[in-house]
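Residue numbers (this note's numbering), protein chains in the order written: chain E, 4 to 793; chain Z, 8 to 437.
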């Protein structure tokens with residue numbers, strides 16, 4: 004400062020040169036100082052203001068190592084809170100091949116002083132060895148692991164995902180073993196091994212694992228998740244956002260060589276488990292359905308069978324399945340042999356992967372939702388409902404079927420019964436599934452009226468079920484529907500809808516006319532079980548009046564009682580149903596007669612609790628209709644379901660007669676007394692042994708046996724219980740069964756329409772030639788096959 | 008401080024050599040503010056070097072402190088040397104010692120070039136495990152030589168009309184020097200000689216492929232010529248030439264290819280921001296990321312993440328980036344202001360001393376510090392192409408720190424000769 008003060012005081016410097024020196028020194032110092040101070044301040048300020056955020060982000064991107072901690076996916080429960088799918092913690096095995104390689108290159112090398120490349124061989128040997136052991140523990144192929152471990156320039160590779168706790172323990176043990184790679188001599192002159200632990204080069208990261216306790220069970224509803232844990236199909240996909248949860252993060256800093264920077268930089272955000280889903284599916288009903296469908300598939304060798312059980316009042320899907328399905332624990336294994344064969348042709352071709360995923364999706368997709376079929380005669384109930392609602396027909400309407408219907412001068416549509424059903428009432432028309440009858444109704448309604456109900460029942464739109472990939476119905480548009488199209492649509496041909504659509508529309512008849520939105524998820528709960536949201540049943544519209552619906556149900560009941568649906572008859576329950584056999588018109592070109600046999604029913608008819616739709620897709624062999632193929636399956640589902648749901652059976656008088664009896668106690672009675680007591684109840688008594696009094700009996704007292712039952716009475720002590728081999732009842736009539744049963748000393752219960760003419764046994768509950776105790780109880784199932792054309 | 012310095016007094020700068028023999032040691036008091044600034048810069052510098060080198064040292068040698076201790080050792084030696092040098096009367100250099108030092112340095116630079124002729128890097132001399140750059144000495148010898156010549160020429164240089172009439176006032180010249188001065192009897196001749204000295208040094212260093220040092224020497228030489236009184240028109244001409252050269256190189260870096268591609272790659276990397284396979288742009292980029300990460304207050308001392316091997320050798324040329332990252336804009340600016348204070352105080356010492364030779368030495372030395380800081384920060388902030396110049400007191404390098412402290416010793420030595428405001432002096436002044 005003194006320098007400037009001096010200037011102010013205008014002190015004279017005597018020598019010009021001195022002045023010049025100072026002036027110049029001052030100038031250069033000032034200039035340099037300006038640059039020295041201003042350049043960095045402005046330049047750094049500019050960098051920070053203009054690029055600060057960008058640079059900071061880029062630096063952090065380089066520095067921070069962000070590991071995701073995967074969130075546990077939500078649990079999926081059935082409606083009774085049984086776990087169908089659970090998420091479990093798992094681990095992922097990672098390795099540092101570069102670290103291992105450089106360890107060998109730098110450290111192990113010294114153990115092989117004699118050769119330059121010996122360490123490389125040792126390295127290869129070790130990767131092979133450790134790869135083999137890892138492969139054995141994980142049960143996977145060894146070669147890919149070894150190849151991964153030899154990627155010497157990679158400092159991070161993922162070796163295996165979804166490792167469970169046991170495998171992890173085994174691996175931990177393996178990695179903590181000391182591996183000797185050479186020897187050295189210590190100070191005391193002892194020879195010691197040089198060792199290292201594999202744990203320096205391997206690490207575990209968090210991963211999640213989806214576990215399915217019951218393999219195939221409800222597989223098409225639940226759906227598949229990808230390797231990354233995202234839902235691909237089913238509710239897993241539709242509710243992916245709910246199920247996913249929020250992944251946690253573990254942020255660590257690393258240096259430029261990818262090594263973690265020591266503590267103090269780590270931050271952990273705990274993951275949040277995804278929400279759970281409570282399905283409307285009931286495990287028991289689902290089990291009945293899957294069991295029945297699987298048996299039917301095995302028996303018919305059809306291309307596929309599918310079934311849906313729905314609660315008519317709400318639209319909740321109680322069970323839904325289509326066989327063949329797949330194992331959720333191993334979803335990527337193609338089960339369809341034809342698909343596997345087809346895929347083989349694509350091996351080593353670039354399209355292979357696309358083709359594989361196409362086939363896998365075919366396997367995973369739920370036929371009930373993603374596919375369409377021609378509904379056929381089951382659709383007649385909607386034509387009937389429309390006709391009743393519009394007043395163009397009532398229960399007294401009659402029509403005489405001549406075997407065909409002339410729609411236009413060019414178009415003649417035949418009835419399934421080409422000789423014609425003759426004179427029929429409305430109900431008889433439905434019972435016979437007479438095509439001309441319904442064509443006639445359709446023509447009477449006219450296109451506009453018909454289409455009004457066609458739309459009202461939702462056949463022109465998706466149902467809106469909470470599953471992905473729902474198929475859009477393929478129907479004639481209103482504008483393009485002419486007389487001919489109307490005629491074929493009236494009896495359910497020439498358009499395609501999905502099974503879920505068909506049963507939803509069917510439920511509208513069952514519940515008094517309300518078309519519901521079907522749904523499979525009842526509620527969403529968080530991981531602690533608190534309710535987050537609940538699905539309220541949604542009425543889409545009132546399709547028909549309650550009265551009309553009741554009338555249609557009444558007619559459908561007649562179908563089961565005496566029409567094409569009699570194979571679905573259940574004692575004590577009023578079942579309303581309609582059969583269908585629909586030709587696959589689009590596959591006519593193949594030269595084969597391919598068809599879908601289906602059956603739509605609900606029970607009890609007056610107040611339906613359950614609706615069932617069963618379809619058999621492309622059954623091979625002799626032509627059999629929906630009444631023969633599908634109705635028995637529906638019955639097999641419906642009967643236990645009704646009992647499970649606690650619907651009380653209400654027997655008619657004729658049914659009451661055949662209802663089983665309770666066995667009386669005969670023990671201690673003399674043979675004569677016992678015989679008279681049994682015969683008074685219509686029970687046959689078979690005496691075994693030569694004793695005077697009955698010492699034991701099979702079945703014991705208080706058991707229920709069929710009306711014309713048998714009791715085996717043993718009169719000797721230590722008598723060996725009588726064994727019988729179960730005979731083959733298949734193909735017998737009811738009378739023949741009774742006779743045989745008494746002869747063998749078996750109690751046989753009947754199921755199915757055994758009273759109708761021509762009903763024969765098609766199935767029995769205990770297989771032929773099984774050895775059972777005399778007096779045992781079994782059930783035989785009757786099936787009517789005559790007059791079943793629909 | 009008891010003996011106060013004489014302020015505010017018009018004084019003639021004494022260009023004359025001291026009468027009689029100069030004593031080796033002197034007793035005057037050193038300039039305390041300057042000494043304080045040197046200590047402060049040294050302490051802050053070595054602390055930041057410790058932080059910046061910690062990770063690199065850990066990685067390189069396995070001991071995080073190894074670079075710090077080496078630097079500390081060199082620094083301690085340097086401080087001792089600084090104190091001893093400050094005790095020595097610098098005026099003994101204003102004699103035949105300077106030409107001797109000049110020729111010795113020229114030989115040493117040539118020798119370095121000859122030793123390393125086949126090496127990639129030609130600027131180091133290795134003696135056992137100890138290695139140093141002769142250019143560190145050359146910087147000081149350039150200042151010394153220029154100061155020596157300017158003192159001889161002083162009366163000739165600034166004002167033509169004084170010419171030989173005032174020449175005798177340059178007292179105590181040796182016979183050789185008088186003969187010398189007889190020949191260099193006008194401003195132009197003197198200017199040419201001074202320019203020649205600069206050219207010789209720059210030429211010797213550029214053949215060692217030490218571009219940054221060449222630029223530094225050139226700027227130092229030009230500054231000394233300016234202070235020494237070379238006519239302003241030469242600076243105007245030189246300024247125009249340099250400006251044209253810079254513009255041409257900036258617009259058409261291909262011209263550098265004509266000169267054996269010298270610096271071409273670096274200019275291209277700087278201009279296009281694309282690394283042509285070498286690490287230059289990576290280094291600059293990481294440096295910018297560090298600066299950008301700093302923000303106004305920095306991430307805190309020791310918390311830099313860019314030093315985790317992202318910035319290659321963060322303790323060297325790019326230490327300032329780590330400083331800004333850790334201490335922020337404020338911290339970086341404070342350090343710049345410390346350097347500025349050092350330059351200011353140096354300037355004060357230069358203008359207060361009565362001895363022109365000392366004044367020129369001090370001006371030269373503080374100029375060197377300032378230019379080095381400017382060039383270093385310009386590189387770190389990507390203002391100019393990467394040249395490779397260290398930050399004084401901060402960058403790792405034992406010899407650089409040692410010589411820098413020795414130069415500080417010279418400044419302190421000059422400061423010891425500033426007359427005290429003692430009773431005797433007061434009387435004299437009156």
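Ideal Cβ placement from N, Cα and C applies to all residues, glycine included.
Whose Cβ in chain E lies nearer than 7 Å to the Cβ of residue i?
{"i": "residue 233 of chain Z", "result": "27, 31"}
{"i": "residue 291 of chain Z", "result": "Residues of chain E passing the Cβ test: none, with the nearest at roughly 12 Å."}
With a threshold of 7 Å between beta carbons, is residue i in contact with chain E?
{"i": "residue 390 of chain Z", "result": "yes"}
{"i": "residue 337 of chain Z", "result": "no"}
{"i": "residue 377 of chain Z", "result": "yes"}
{"i": "residue 420 of chain Z", "result": "no"}
{"i": "residue 282 of chain Z", "result": "For residue 282 of chain Z, the predicted structure reports a pLDDT of 48, less than 50, and the residue's modelled location is therefore unreliable. A value from the coordinates is still provided. No, its Cβ sits nowhere closer than 7 Å to a Cβ of chain E."}
{"i": "residue 350 of chain Z", "result": "yes"}
{"i": "residue 219 of chain Z", "result": "no"}
{"i": "residue 230 of chain Z", "result": "yes"}
{"i": "residue 312 of chain Z", "result": "yes"}
{"i": "residue 358 of chain Z", "result": "yes"}
{"i": "residue 134 of chain Z", "result": "no"}
So residue i contacts chain E; which residues on that side make the cut at Cβ distance below 8 Å?
{"i": "residue 59 of chain Z", "result": "Near residue 59 of chain Z there are no residues of chain E at all, since even the closest Cβ is about 14 Å away, more than 8 Å."}
{"i": "residue 317 of chain Z", "result": "62, 65, 66, 258, 259"}
{"i": "residue 298 of chain Z", "result": "47, 50, 51, 58"}
{"i": "residue 295 of chain Z", "result": "50, 54, 58"}
{"i": "residue 385 of chain Z", "result": "42, 46"}
Decide if residue i is buried, meaning its Cβ has at least 16 other Cβ atoms within 10 Å, or exposed.
{"i": "residue 806 of chain E", "result": "As shown, chain E starts at 4 and ends at 793. That puts residue 806 of chain E outside it, with no answer to give."}
{"i": "residue 473 of chain E", "result": "buried"}
{"i": "residue 756 of chain E", "result": "buried"}
{"i": "residue 425 of chain Z", "result": "buried"}
{"i": "residue 243 of chain Z", "result": "exposed"}
{"i": "residue 426 of chain E", "result": "exposed"}
{"i": "residue 70 of chain Z", "result": "exposed"}
{"i": "residue 120 of chain E", "result": "exposed"}
{"i": "residue 175 of chain E", "result": "exposed"}
{"i": "residue 228 of chain E", "result": "buried"}
{"i": "residue 104 of chain Z", "result": "exposed"}
Report the CB separation of residue i from residue j in whole angstroms; it is logged as a contact under 8 Å.
{"i": "residue 380 of chain E", "j": "residue 584 of chain E", "result": "7 Å"}
{"i": "residue 601 of chain E", "j": "residue 633 of chain E", "result": "5 Å"}
{"i": "residue 490 of chain E", "j": "residue 384 of chain E", "result": "Not confirmed; about 17 Å, so no contact."}
{"i": "residue 444 of chain E", "j": "residue 390 of chain E", "result": "4 Å"}
{"i": "residue 324 of chain E", "j": "residue 345 of chain E", "result": "Incorrect: roughly 25 Å between the Cβ atoms, too far for contact."}
{"i": "residue 599 of chain E", "j": "residue 587 of chain E", "result": "7 Å"}
{"i": "residue 700 of chain E", "j": "residue 674 of chain E", "result": "Incorrect: roughly 12 Å between the Cβ atoms, too far for contact."}
Just the chain Z side, please: which residues come within less than 9 Å of residue i by C-beta, in chain order?
{"i": "residue 253 of chain E", "result": "Here the premise fails: no neighbours, minimum Cβ distance about 17 Å."}
{"i": "residue 44 of chain E", "result": "336, 339, 340, 343"}
Examine chain Z for any beta-carbon lying closer than 7 Å to the beta-carbon of residue i, and answer yes or no.
{"i": "residue 266 of chain E", "result": "Residue placement at residue 266 of chain E is poorly supported in this model, since its pLDDT is 49, which falls under 50; the coordinates are not used for a value here."}
{"i": "residue 39 of chain E", "result": "yes"}
Residues of chain E with CB under 9 Å from residue i, in chain order?
{"i": "residue 224 of chain Z", "result": "Neighbours of residue 224 of chain Z on chain E: none; closest Cβ ~16 Å, over 9 Å."}
{"i": "residue 374 of chain Z", "result": "31, 32, 35"}
Since residue i meets chain Z, which of its residues come closer than 8 Å, beta carbon to beta carbon?
{"i": "residue 36 of chain E", "result": "347, 350, 351, 377"}
**Prompt:** Which runs of the beta strand (DSSP E) fall wholly inside the region 107-166 of chain Z and span at least 3 residues, in chain order?
**Reply:** 132-134, 137-139
Ignoring anything shorter than 3 residues, give me the beta strand (DSSP E) runs that lie fully in the region 66-95 of chain E, in order along the chain.
67-72
Notebook entry, point to check: At which residue ranges does the region 583-645 of chain E contain complete beta strand (DSSP E) runs of 3 or more residues, listed in the order of the chain?
Noted result: 598-606, 613-620
message = List, from N- to C-terminal side, the beta strand (DSSP E) runs of 3 residues or more that fit wholly inside the region 279-322 of chain E.
response = 279-282, 307-314
Suppose only complete runs of 4+ residues qualify. What are the alpha helix (DSSP H) ranges in the region 647-727 of chain E, listed by chain order?
656-661, 674-683
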